[in-house]
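Take a look at the structure below.
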Amino acid sequence: MIVFVTGVTAGFGLAIAGKFLAEGHKVVGTGRRQTSLDALKQKFDGAFHPLTFDVRDREAAQRAIESLPEPFREVDILVNNAGLALGLEPAWKADLAEWETMIDTNVKGVVICTRLLLPGMVERNRGHIVNLGSTAAEWPYPGGNVYGGTKAFVHQFSLNLRADLFGTAIRVTDIQPGLCGGTEFSVVRFRGDEARAAAMYEGTQPIMPEDIADTVLWAATRPAHVNINSIQMMPVSQTFGPLAVKRTTPPKA
Ligand code: NDP
Ligand code: 8X3
Numbered sequence: 001m002i003v004f005v006t007g008v009t010a011g012f013g014l015a016i017a018g019k020f021l022a023e024g025h026k027v028v029g030t031g032r033r034q035t036s037l038d039a040l041k042q043k044f045d046g047a048f049h050p051l052t053f054d055v056r057d058r059e060a061a062q063r064a065i066e067s068l069p070e071p072f073r074e075v076d077i078l079v080n081n082a083g084l085a086l087g088l089e090p091a092w093k094a095d096l097a098e099w100e101t102m103i104d105t106n107v108k109g110v111v112i113c114t115r116l117l118l119p120g121m122v123e124r125n126r127g128h129i130v131n132l133g134s135t136a137a138e139w140p141y142p143g144g145n146v147y148g149g150t151k152a153f154v155h156q157f158s159l160n161l162r163a164d165l166f167g168t169a170i171r172v173t174d175i176q177p178g179l180c181g182g183t184e185f186s187v188v189r190f191r192g193d194e195a196r197a198a199a200m201y202e203g204t205q206p207i208m209p210e211d212i213a214d215t216v217l218w219a220a221t222r223p224a225h226v227n228i229n230s231i232q233m234m235p236v237s238q239t240f241g242p243l244a245v246k247r248t249t250p251p252k253a
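This is the structure in C-alpha cells:
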C-alpha cells in the first residue's frame with residue numbers, strides 16, 4: 001500500500017511512518033523540517049518519499065501532491081496527523097494568533113489534504129482516511145478551548161466524510177487519543193518550555209507513539225467490509241472527572 005502521512009518529522013507521524021515501512025508499505029511523509037525528511041529518505045530510500053510543505057498552505061500542498069512520482073501517486077491511506085495545540089490559557093487571555101494557527105493547521109490542513117487526495121481514491125474506489133483527533137473533541141478541559149474545538153471538527157468531519165462516501169469502498173477513521181508522551185506536542189504547546197512539558201507526564205505512564213502507530217495499522221488492516229468510525233484511547237493512568245460545580249457555600253458533609 002501507499003500511505004501518505006502528514007507530520008512525520010516527530011511524534012506519532014514518525015512512528016506511524018516507521019510502522020508502515022516496517023510492514024513493507026511505501027510511505028509519503030510530510031512536514032516542514034527538510035533535514036528530518038531528508039534523513040528519513042536516506043534511511044528508507046526507495047520506500048519513502050518526502051514532501052516538504054506547510055499543511056496550512058493550500059497551493060503548496062497542491063504543488064507537492066502533484067509532484068508525486070508515479071510509484072507514490074496512487075495513495076491508499078491518508079493519515080491526517082500534522083497538528084498542534086498552542087497554550088493553555090483561558091479563552092479571554094488566549095493569543096488570537098495562536099488560535100488562528102490551530103484552526104489553520106488542525107482544521108484547514110486536514111481539509112486541504114483530504115480534498116486533494118480524495119478524488120483519486122474515489123476514482124480507484126480504494127482508500128482510507130485516518131484522522132488524528134483527540135479526547136479533547138469530546139471532553140472539555142480548562143484551556144482546551146480552540147484546540148478542543150478543532151478536534152471536534154476533525155471528529156464531525158470524519159463522520160460526514162463517510163456519509164458522502166456511502167456506496168464506495170473508501171473508509172474513514174477518527175483516532176482520539178488522550179494523554180500521550182514521547183512527542184513534541186507539549187513542548188510546542190508550552191512554547192519551548194521543556195520543564196513544563198515534562199511535568200505533564202510526571203508519575204504517569206502515558207500512551208506512546210508506538211501505541212498510536214499500532215492502532216492506525218490495526219484500523220487500516222481490518223477486512224475491507226469493516227469501517228472503524230472512531231477509536232478513543234486513554235492511558236490507564238487517565239480517566240474522567242466529575243463536572244465542576246461552583247458553590248457559594250461549602251457542601252454539607
Ligand atoms: P508533534 O508535535 O510531536 O508532531 C507534530 C507533527 O506535525 C510534526 O511532524 C510537525 O512537523 C507537523 N506539523 C505541525 N504543524 C505543521 C504544519 N503547519 N505543516 C506541516 N506539518 C506540521 O505532535 P504529536 O505527534 O503529539 O501529535 C500529532 C497529532 O496527534 C496532532 O494532530 C495532535 O493534535 C494529535 N494528538 C496528540 C496528542 C498528544 O498528547 N501528543 C493526543 C491526542 C492527539 P514540522 O514541525 O516539521 O512541520
Ligand atoms: C491531546 C490530548 O488532553 O492534551 O490532544 O488535549 S489533550
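Mapping of the sequence shown onto the numbering used here: position 82 corresponds to residue 82, and the numbering continues sequentially without gaps.
A virtual CB, placed ideally from N, CA and C, is assigned to each residue, including glycine.
| Asked | Found |
| --- | --- |
| Span separating the alpha-carbon of R58 from that of F48 | 23 Å |
| Between the CA atoms of I129 and G148 - distance to the nearest angstrom | 21 Å |
| C-beta atoms of F20 and L78 nearer than 9 Å | no |
| K246 beta carbon near ligand 1 (any heavy atom closer than 8 Å) | no |
| Spatially closest choice to L199 from I212, L51, E74, G181, by CA coordinates | Note on identity: in this sequence residue 199 is Ala, with Leu being the wrong assignment. Here the closest residue by C-alpha is G181. |
| Rounded straight-line distance, which links the Cα of S158 to that of M15 | It should be pointed out that residue 15 corresponds to Ala in this sequence rather than to Met. A15 and S158: Cα-Cα distance of roughly 22 Å. |
| Own chain, CB closer than 7 Å to A10, minus 5 neighbours either side, in chain order | T183, E184 |
| Nonlocal neighbours in the same chain, by C-beta distance under 6 Å from A213, ignoring five residues either side | A15, I16, K19 |
| Nearest-angstrom Cα separation, counted from P251 out to G31 | 51 Å |
| With 16 other Cβ atoms within 10 Å as the buried cut-off, status of V236 | exposed |
| Start-end ranges of the alpha helix (DSSP H) lying completely within the stretch 158-237, minimum 4 residues | 185-189, 194-199, 209-220 |
| Rounded Cβ spacing between I2 and D104 (contact assumed at less than 8 Å) | Incorrect: roughly 27 Å between the Cβ atoms, too far for contact. |
| Contact set for M234: own chain, Cβ-Cβ below 8 Å, skip 5 residues either direction | T135, P177, G178, L179, I207 |
| Outcome for S186 when other beta-carbon atoms lying within 10 angstroms are tallied against a minimum of 16 | buried |
| C-beta atoms of V172 and N229 nearer than 9 Å | yes |
| CB-CB length for V122 against I170, believed under 8 Å | 7 Å |
| Uninterrupted alpha helix (DSSP H) stretches inside the stretch 24-101 (no shorter than 4 residues) | 34-43, 58-66 |
| Any non-hydrogen atom of ligand 2 within 8 Å of T135 CB | yes |
| Those residues which DSSP pairs with N131 across a bridge | N80, D174 |
| Buried versus exposed, by CB contacts within 10 Å (16 or more), P50 | buried |
| Top-ranked residue by Cα proximity to A22, from P242, A195, F44, G29 | F44 |
| Buried or exposed (CB count within 10 angstroms, at least 16 for buried), K151 | buried |
| Chain-order list of residues whose beta-carbon lies under 7 Å from that of L132 (same chain, five-residue window excluded) | F12, N80, N81, G83, I175 |
| Proximity to G46 [Cα-Cα], best of F53, L37, P223, V27 | V27 |
| Alpha carbon of Q34 to alpha carbon of R189, nearest angstrom | 22 Å |
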